[in-house]
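As numbered in this note's numbering, residues 5 to 116 make up the sequence shown, in order.
Where is the CB? At the ideal position from N, CA and C, for every residue including glycine.
Before any comments, here is the structure.
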Amino acid sequence: MIRLLLIVSFLVLTIHSEAQTREIPGGASASVVRLYPNPATTVINFDIQRSVDKAYSLQIYSFMGARKMFEQTNLTDRTSINLSDFNRGVYIYQLRDKTGKLIESGKFQVSK
5 MIRLLLIVSF LVLTIHSEAQ TREIPGGASA SVVRLYPNPA TTVINFDIQR
55 SVDKAYSLQI YSFMGARKMF EQTNLTDRTS INLSDFNRGV YIYQLRDKTG
105 KLIESGKFQV SK
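Spelled out as structure tokens, the structure:
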């Protein structure tokens, strides 16, 4: 039974990690967003690697699904988020284009 749970967990994690990488035309796959530091204490930086279209929106949700932040502007190549209103825990970010299509999703940890 434990072996079965380990196999299922491994498969779920593998599928989840493959779903988070995007394919760039030309065959190479890369992450669009680089965030640091992770875990963060006071501020977290989001570097957007591709700048084809700047009309992105950045949404941050708590691990329980509550929206903590929604920024719908023309994000710069580097966006810094102040974490003073964030409690300790795991948060999920979503980068969407101007039509609302999900570009990339990931998670980061706040440790205070």
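When the beta-carbon positions are compared, V94 and Q63 stay at least 8 angstroms from each other. Of the candidates Q98, K105, V47, the residue whose Cα lies closest to the Cα of R71 is Q98.
Between S61 and F50 a beta carbon distance of about 12 angstroms is seen, past the 8 angstroms cut, so the two are scored as non-contacting. Under DSSP, G93 takes part in a beta bridge, and its partners are V114. Shown here, L8 sits in a helix according to DSSP, grouped into three states. Y60 has no beta-bridge partner at all, per DSSP.
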